Amino acid sequence: MFFPASGDGPIHDVQVTVAKAVCGGCPVRAECLTWALEALPYGVAGGLTEQERRHERTRRRGRRREVPGRPVCGS
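Per numbering that gives the first Met the number 0, the sequence shown starts with residue 0, numbered consecutively.
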């Protein structure tokens, strides 16, 4: 269920929903997400799909650049 067999469609959606439900009750969800953001290109981990993790990585990179007083690479 954490690596849906179907690429898209209703079966994929059900598998992702079930995997996210398991993640929702997991006591190490935050740690899992941290690891998944760094190392896991596929599947559901830390409560996010691979597409959601790509978005989260982009969001976090943008947030780091906005920290006042912190130099941005190349400046």
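The beta carbon of each residue, even a glycine, is placed where N, CA and C say it ideally should be. On a predicted model such as this, the values are computed, not experimentally measured, just so you know.
Cβ-based neighbour list, residue i, same chain, cut-off 6 Å, excluding 5 preceding and 5 following
i: tyrosine 41; result: Glu49
i: phenylalanine 1; result: Ala18, Gly42 and Val43
Classification of residue i by the beta-carbon crowding that lies within 10 angstroms, buried from 16 upward
i: glutamine 26; result: The identity of residue 26 in the sequence shown is proline, whereas the question assumes glutamine. Exposed, because fewer than 16 other Cβ atoms sit within 10 Å of the Cβ of proline 26.
i: glycine 6; result: exposed
Cβ pair residue i, residue j closer than 7 Å
i: alanine 18; j: cysteine 31; result: no
i: leucine 36; j: arginine 62; result: no
Contact set for residue i: own chain, Cβ-Cβ below 7 Å, skip 5 residues either direction
i: proline 3; result: His11, Gln14 and Val15
i: arginine 28; result: Cys22, Gly45 and Gly46
i: glutamate 51; result: none
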